[in-house]
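A short write-up of the structure that comes next.
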Amino acid sequence: MFVETVYPVAFKMMLELQDIETWDVANCEDEQSAGGQGIDQEISNFDVGSEALERLVGALGAKRSLPTCFALIQEYARSENWVSRHAALVGLCQILDVLDSDSLDAIVRHLLAQANDPHPRVCCTAVDVIGQLSVDQAPQFQEAYHSQALTVLAHYLEDFTKPRLQAHSATALRQFIDMCPPELLTPYLDKMLHQLFALLQHGQAMAPGANQTPTQAFIATRVVQEQAITAISSVATVAGASFSNYYAAVMPPLQQILMNCLQESMQAAAASPAVLKPQSNAPSSFTLGGITLECLSLIGQAVGKEVFSRDASAILKVMAEMQATPSIVGNELIRTYLLQAWARCCTCLGQDFAPYLPLVMPTLLEAATQQAEFEVDPTTLSSDDDDDESGGSTDSEDIQLAQVNDKCLSIRTSILEEKATACQLLSGMATDLEDAFFPYAEQ
Numbered sequence: 001m002f003v004e005t006v007y008p009v010a011f012k013m014m015l016e017l018q019d020i021e022t023w024d025v026a027n028c029e030d031e032q033s034a035g036g037q038g039i040d041q042e043i044s045n046f047d048v049g050s051e052a053l054e055r056l057v058g059a060l061g062a063k064r065s066l067p068t069c070f071a072l073i074q075e076y077a078r079s080e081n082w083v084s085r086h087a088a089l090v091g092l093c094q095i096l097d098v099l100d101s102d103s104l105d106a107i108v109r110h111l112l113a114q115a116n117d118p119h120p121r122v123c124c125t126a127v128d129v130i131g132q133l134s135v136d137q138a139p140q141f142q143e144a145y146h147s148q149a150l151t152v153l154a155h156y157l158e159d160f161t162k163p164r165l166q167a168h169s170a171t172a173l174r175q176f177i178d179m180c181p182p183e184l185l186t187p188y189l190d191k192m193l194h195q196l197f198a199l200l201q202h203g204q205a206m207a208p209g210a211n212q213t214p215t216q217a218f219i220a221t222r223v224v225q226e227q228a229i230t231a232i233s234s235v236a237t238v239a240g241a242s243f244s245n246y247y248a249a250v251m252p253p254l255q256q257i258l259m260n261c262l263q264e265s266m267q268a269a270a271a272s273p274a275v276l277k278p279q280s281n282a283p284s285s286f287t288l289g290g291i292t293l294e295c296l297s298l299i300g301q302a303v304g305k306e307v308f309s310r311d312a313s314a315i316l317k318v319m320a321e322m323q324a325t326p327s328i329v330g331n332e333l334i335r336t337y338l339l340q341a342w343a344r345c346c347t348c349l350g351q352d353f354a355p356y357l358p359l360v361m362p363t364l365l366e367a368a369t370q371q372a373e374f375e376v377d378p379t380t381l382s383s384d385d386d387d388d389e390s391g392g393s394t395d396s397e398d399i400q401l402a403q404v405n406d407k408c409l410s411i412r413t414s415i416l417e418e419k420a421t422a423c424q425l426l427s428g429m430a431t432d433l434e435d436a437f438f439p440y441a442e443q
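Heads up: the sequence shown runs through residues 1 to 443, numbered per full-length UniProt numbering.
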């Protein structure tokens, strides 16, 4: 009786959505940060219902949950109200990790039927379910349904009237690729990369001038660019040396995007020397620049030194300029992307990377030796205190308190993660550079 009583309540709560007229061109980060309700919204009944269903299914298991969930999903999917069809797919997404192979075929048939819904928001959720299936049911989902899934994603990647749907499709594509056996992707690479390259070019064409305010459509298109570049990174990682066939097509737009992000970041730094923040609710140029750095360096690793050497000098020159700009390298997000990109370039170029060590090593050593823990007086701590003992402002979720003997320590977990990353990169560089790394061994 508990399942039959409570699960319908959770589904009913998931009906409380707002149909925003500009949804298909709005920034998809707004939706992700606000449970589908838009920016600056409180936690909604939709959030509570979907999260409760996920927790209940995880606790009670497939045997007790699936019959009731399947019945509710079928009931809601037949509704003429798009919000009900949307709730059916959200409910479906919450049960994916408890599905067995016998149930998978029925679920996929239902999903594919909903993927061409008249309402774009339902289609977007169907795309999200494809991405989640690619993770929760990998590699069985990819092996059995690669043609159907990639056909749906390809269709929405080409729809430039709905950039949010494009962004979600690119995200789902990345999830599909990351867990897919490489041999299954080979027949699809040409079309897949052609579509992703088109997203890059469209984003560049939408860019505002130097003195223009970004439009809402451009903001959404930039999010599409970010997801497309991340998907290209996944393709390069899976394709390996065979990505050389696409190298000449993808490198120019990626390098142009990186240069634009560098210029935008430096202009913002000149206007406001303080820590840079996103402008006009647009994703920060740091985010797009970091994702582009990641993609360029992953492509270099995939294609190898002989191919990457054509552009390595120009890319490393831009990275050096970023490294030498305090307002850029001082930002934690871009610094992490930059350090990891240096390490990948080092792995790819080997001894040819040695001239760049004097530029890279100071920042890398500083990251590896920075202090992550500070002694605090526990009686002075408050839940809304956002300043740490190092003098910086931080998120309370980034701080862990630990009692060591008679001392109370405040530990910055993000700094610990950065220290661990830096140590891993140093180890890799020492292996790749051999004798060239010797001058830094004592440090």
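All C-beta atoms, glycine included, are put in the ideal place defined by N, C-alpha and C. On a predicted model such as this, the values are computed, not experimentally measured, just so you know.
Backbone CA spacing between residue i and residue j [nearest angstrom]
i, j, result
"glutamate 373", "methionine 13", "43 Å"
"glutamine 256", "threonine 230", "16 Å"
"serine 79", "alanine 126", "16 Å"
"methionine 179", "arginine 109", "21 Å"
"asparagine 45", "phenylalanine 197", "39 Å"
"aspartate 190", "alanine 312", "25 Å"
"alanine 271", "phenylalanine 437", "39 Å"
"glycine 36", "leucine 89", "Here glycine 36 scores only 42 on pLDDT, less than 50, and its place in the model is too uncertain to base an answer on."
"aspartate 377", "leucine 365", "30 Å"
"alanine 249", "alanine 314", "16 Å"
"leucine 165", "leucine 60", "33 Å"
"tyrosine 356", "glutamine 142", "41 Å"
"arginine 310", "methionine 322", "21 Å"
"proline 8", "arginine 55", "15 Å"
"glutamine 195", "proline 358", "40 Å"
"cysteine 123", "phenylalanine 243", "31 Å"
"aspartate 352", "tyrosine 246", "24 Å"
Residues that residue i bridges to, as DSSP identifies them
i, result
"aspartate 410", "Note that residue 410 is serine in the sequence shown here, rather than aspartate. In the DSSP output, where bridge partners are listed per residue, serine 410 has Phe374, Leu401."
Which of helix, strand or coil DSSP assigns to residue i
i, result
"glutamate 294", "helix"
"glutamate 158", "coil"
"arginine 174", "helix"
"leucine 15", "coil"
"glutamine 74", "helix"
"glutamine 424", "helix"
"aspartate 100", "coil"
"isoleucine 328", "helix"
"histidine 119", "coil"
"asparagine 81", "coil"
"leucine 443", "Residue identity check: residue 443 is glutamine in the sequence provided, not leucine. Coil."
"glutamine 212", "Summary for glutamine 212: the model assigns pLDDT 47, below 50, so the residue's position carries little reliability, and this model does not support an answer."
"proline 8", "helix"
"alanine 67", "Just to set this straight, residue 67 is proline in the shown sequence, not alanine. In this structure, proline 67 counts as helix in the three-state DSSP scheme."
"alanine 236", "helix"
"isoleucine 95", "coil"
"glutamine 32", "Note that glutamine 32 scores 42 on pLDDT, short of 50, meaning its location in the model is unreliable and no value can be drawn from it."
For residue i, the nearest candidate out of the options (CA to CA)
i, options, result
"glutamate 16", "Glu4, Lys63, Asp47, Thr5", "Asp47"
"residue 444", "Asn260, Gln443, Phe176", "This structure gives no information on residue 444, because the portion of the chain shown stretches from 1 to 443."
"isoleucine 95", "Leu66, Gln74, Val122, Tyr76", "Leu66"
"threonine 363", "Asp377, Thr237, Asn331, Asp352", "Asn331"
"glutamate 4", "Asn45, Cys69, Leu288, Glu54", "Cys69"
"valine 224", "Phe353, Gln142, Tyr156, Glu321", "Tyr156"
"asparagine 405", "Thr379, Ala113, Ile399, Glu375", "Glu375"
"valine 238", "Pro252, His202, Leu193, Glu226", "Leu193"
"valine 307", "Pro163, Ala354, Leu349, Leu339", "Leu349"
"alanine 343", "Thr151, Leu298, Ala52, Ala324", "Leu298"
"threonine 325", "Gln227, Gln267, Leu53", "Gln267"
"methionine 1", "Leu153, Ile43, Arg64, Gly49", "Arg64"
"alanine 228", "Cys295, Pro182, Phe286, Asn245", "Cys295"
"serine 327", "Leu293, Ser285, Leu316", "Ser285"
"glutamine 424", "Pro253, Gln340, Ser410, His202", "Gln340"
"threonine 161", "Pro120, Glu442, Glu226", "Pro120"
Proximal residues to residue i (C-beta, below 6 Å), its chain only, five neighbours per side dropped
i, result
"isoleucine 130", "Ala149, Ala172"
"valine 6", "none"
"glutamate 418", "Ala367"
"lysine 407", "Glu375"
"methionine 199", "For the sequence presented, residue 199 should be read as leucine rather than methionine. Closer than 6 Å at the Cβ level, and outside the excluded window around leucine 199, lie Val224, Ala228."
8 Å Cβ cutoff, residue i in contact with chain B
i, result
"isoleucine 291", "In summary, chain B is missing from the structure at hand, where a single protein chain is found."
Close-in-space but distant-in-sequence residues of the same chain around residue i (CB under 8 Å, 5 per side omitted)
i, result
"glutamine 140", "Ser101, Leu104"
"threonine 347", "Gln301, Gly428, Asp432"
"serine 241", "This sequence places alanine at residue 241; serine is not what is there. For alanine 241, where only same-chain residues beyond five positions count, the Cβ hits under 8 Å are Ala302, Val303, Gly304."
"glycine 58", "Asp97, Val98"
"leucine 111", "Leu89, Leu92, Ala126, Val129, Ile130, Leu133"
"threonine 336", "Gly290, Glu418, Thr421"
"proline 253", "Phe197, Leu200, Gln201, Gln204"
Close Cβ partners of residue i (< 7 Å) along its chain, the five nearest in sequence each way excluded
i, result
"glutamine 370", "Ile415, Lys419"
"valine 318", "Leu258, Met259, Leu262"
"leucine 426", "Leu364, Ala368"
"valine 135", "Gln175, Met179"
"glutamine 137", "Leu96, Leu99, Leu104"
Any non-hydrogen atom of the ligand ADP closer than 7 Å to residue i Cβ
i, result
"leucine 66", "Judged by which ligands are present, the structure shown has none, so any question about the ligand ADP falls away."
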